[in-house]
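222 is the number of the first residue of the sequence shown in this note's numbering; add one for each residue after it. We put the beta carbon where it would ideally sit given N, CA and C, even for glycine. Have a look at the structure below, then the notes.
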Amino acid sequence: MAQAQLIPAQGQADPRCFHLISGHTIPSVGLGTWRSGSKASDAVFTAITEAGYRHVDTAAEYGVQEEVGHGLAAAMQAGIDRKDLFITSKIWCSDLSPDRVRTALKTTLQDLQLDYLDLYLIHWPIHLKGGAHKPPEAEEVQDFDMEGVWREMEQLVKDGLVRDIGVCNFTLKKLDKLLRIAQTMPSVCQMEMHPGWRNDKMLEACKKNGIHVTAYSPLGSQDDGRDLIHDPTVTEVANKLNKTPGQVLVRWALQRGTSVIPKSTNAERIKENIQVFGWEIPEEEFRALSSIRDQRRVLDGEDIFVNKTHGPYRCAADLWDNED
Ligand code: NDP
Ligand code: 1BO
Ligand code: 1BO
222 MAQAQLIPAQ
232 GQADPRCFHL
242 ISGHTIPSVG
252 LGTWRSGSKA
262 SDAVFTAITE
272 AGYRHVDTAA
282 EYGVQEEVGH
292 GLAAAMQAGI
302 DRKDLFITSK
312 IWCSDLSPDR
322 VRTALKTTLQ
332 DLQLDYLDLY
342 LIHWPIHLKG
352 GAHKPPEAEE
362 VQDFDMEGVW
372 REMEQLVKDG
382 LVRDIGVCNF
392 TLKKLDKLLR
402 IAQTMPSVCQ
412 MEMHPGWRND
422 KMLEACKKNG
432 IHVTAYSPLG
442 SQDDGRDLIH
452 DPTVTEVANK
462 LNKTPGQVLV
472 RWALQRGTSV
482 IPKSTNAERI
492 KENIQVFGWE
502 IPEEEFRALS
512 SIRDQRRVLD
522 GEDIFVNKTH
532 GPYRCAADLW
542 DNED
């Protein structure tokens, strides 16, 4: 079925796709692939051919693009049309200079075995030297030429290599700057969002400007993440609705008007996470989920970008323009 036909009538609570400012659509649930490792290929194939996903989120930095490419190729061999898929990737910090944008995209396309991307995002708005340490030495953090990089990304759209462009991990300040220089509007802003980090101010700013938001780490992420699956409010709502905590968290994101990209490499959970249509979280439960008091980011960028002694970012608040 063509994507456009999946879009419900206005007001209907079954948003399988959202409209982008470009006129394109984005499937509302996508498969995340960060830390999917060698399982990424099977996860992508299962998601597309068995669970009905049409949207896959990846990034050069995840080191899984070749595996994702194998999964996509296998799904297309099994009969899925490229035009029915929505594939997102992201440019990493070490490629965040105008002269590196096109080469970075070409490498990503090659790894994914694709000739265009649906969406290309600036992964983090910080320009690092190639091979920078984590966290970086002071001299490894370089000036970010946002305007120059964005011009190159706009050119990728004009050249048909990318259908939409956007950003991740932006602040109000950076978004404001981008909107002043953009000739092609960012279609999507991808941000950490879940009931433990609602980030309402960015959601509102994006909505006001017609920018669609994708919620990342919707389940609280993994490893050093936050266990939202066992959060008492989430489990209470899940029990009441006879749904799983994962489904409640994904559905919460949809009802906020965001697309959402839960990661799983487990076939059962991949299927579970997209069974979020045809039912709703009622208003009272939605409000309870939206009122969790302990609001904090899981991924504040400190481990990746902060150099406490020499800067230029000495703490996470510096990274986020002191806006939180
Ligand atoms: P998620 O919030 O999606 O959580 C993933 C974890 O939840 C994994 O441990 C997974 O394990 C587990 N899980 C998945 N489904 C269920 C379920 N139904 N019940 C219980 N546990 C479950 O974390 P991510 O941080 O990976 O975020 C999702 C995606 O967002 C990323 O993979 C990436 O694509 C994107 N992202 C983008 C960022 C950016 O900077 N733009 C930053 C972070 C993420 P298992 O695999 O075993 O099921
Ligand atoms: C280091 C990459 C964070 C997840 O997108
Ligand atoms: C690394 C954090 C960037 C905030 O816009």
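- Query: According to the neighbour-count rule (16 or more other Cβ atoms, all chains shown, within 10 Å of its Cβ), is Met222 buried or exposed?
  - Reply: Annotation note: pLDDT 27 at Met222 (below 50); position unreliable, no value reported.
Review point. Do you know how far the Cα of Cys389 is from the Cα of Ile343?
Key: 6 Å
- beta strand (DSSP E) runs wholly inside the stretch 318–362, at least 3 long, in chain order: 338–343
Gly381 to Glu501, Cα distance in whole Å?
-> 38 Å
Open item on the list: Under 6 Å, CB to any heavy atom of ligand 2. Which residues pass, going along the chain?
Closed with: Trp255, Ala280, Glu282, Ile525
**Study point:** Other residues of its chain near Trp371: CB distance less than 7 Å, five sequence neighbours each side excluded
**Key:** Leu399, Ile402, Ala403
By the three-class DSSP mapping on this structure, what secondary structure does Ala436 have?
strand
Taking 6 Å as the cut-off, is the C-beta of Ser249 nearer than that to any heavy atom in ligand 4? The model depicted lacks ligand 4 and carries ligand 1, ligand 2 and ligand 3 instead.
At the level of alpha carbons, what is the spacing between Ile482 and Leu252? 5 Å
Boundaries of the alpha helix (DSSP H) in which Ile269 is found, first to last residue:
Neither: Ile269 is in no alpha helix (DSSP H) and is coded neither H nor E.
Those runs of the alpha helix (DSSP H) which lie wholly inside the stretch 399–460 and span at least 4 residues:
421–429
Output the residue ranges of the alpha helix (DSSP H) runs that lie fully inside the stretch 295–319 and measure 4 residues or longer, sorted by chain position.
-> none
Practice item. Give the secondary structure of Ile228 by DSSP, where H, G and I count as helix, E and B as strand, and everything else as coil. Key: Note that Ile228 scores 45 on pLDDT, short of 50, meaning its location in the model is unreliable; the coordinates nonetheless yield the value given after this. Reduced to three states, the DSSP call for Ile228 is coil.
Do the stretch 249–263 and the stretch 282–299 make contact, defined as three or more Cβ pairs closer than 8 Å?
yes
* Among Arg477, Asp545, Val362, Ile513, which residue has its Cα nearest to the Cα of Phe526? -> Val362
Pairwise C-alpha distance: Thr392 and Gly499:
34 Å
- Val497, DSSP secondary structure in three states: coil
Exercise. Rounded to whole angstroms, what's the CA-CA distance from Glu457 to Pro416? Just pull it up for me.
Key: 14 Å
_Taking 8 Å as the cut-off, does the stretch 413–430 touch the stretch 472–492 (at least 3 CB pairs, one atom from each stretch)?_
yes
Whole-angstrom distance between Ala272 and Gly492, CA atom to CA atom: Per the sequence shown, the amino acid found at residue 492 is Lys instead of Gly. Approximately 5 Å, taken between the alpha carbons.
- prompt: Heavy atom of ligand 1 less than 6 Å from the Cβ of Tyr274, yes or no?
  reply: no
- [ ] Evaluate the contact criterion for the stretch 300–319 versus the stretch 330–347: three or more CB pairs, one atom per stretch, below 8 Å.
- [x] yes
| Taking 6 Å as the line, does the beta carbon of Asp278 fall inside it for any heavy atom of ligand 1? | yes
Quiz item: Taking the DSSP output, what are the residues bridged to Ile247?
Solution: Phe239
Per-residue burial, Lys484 [other beta carbons within 10 Å of its own, 16 or more giving buried]:
buried
Please classify Cys314 as buried or exposed, where buried requires at least 16 neighbouring CB atoms within 10 angstroms.
buried
**Request:** Pull up the distance between the alpha-carbon of Ala359 and that of His531, whole angstroms please.
**Result:** 6 Å
So, using beta-carbon positions, are Glu373 and Val322 closer together than 7 Å? yes
Exercise. Determine the direct distance from the alpha carbon of Val434 to that of Leu247, and round the result to whole angstroms.
Key: It is worth fixing the name first, because residue 247 is Ile in this sequence and not Leu. Distance between the alpha carbons of Ile247 and Val434 is about 10 Å.
- Task: List the whole-angstrom C-beta distance separating Met412 from Ala436, where the pair is believed to meet the contact cut-off of C-beta under 8 Å.
- Result: 7 Å
query: If we count the other Cβ atoms within 10 Å of its Cβ and call it buried at 16 or more, is Gly300 buried or exposed?
result: exposed
Query raised in the report: Can you find a heavy atom of ligand 1 that lies under 6 Å from the Cβ of Cys410?
Result: no
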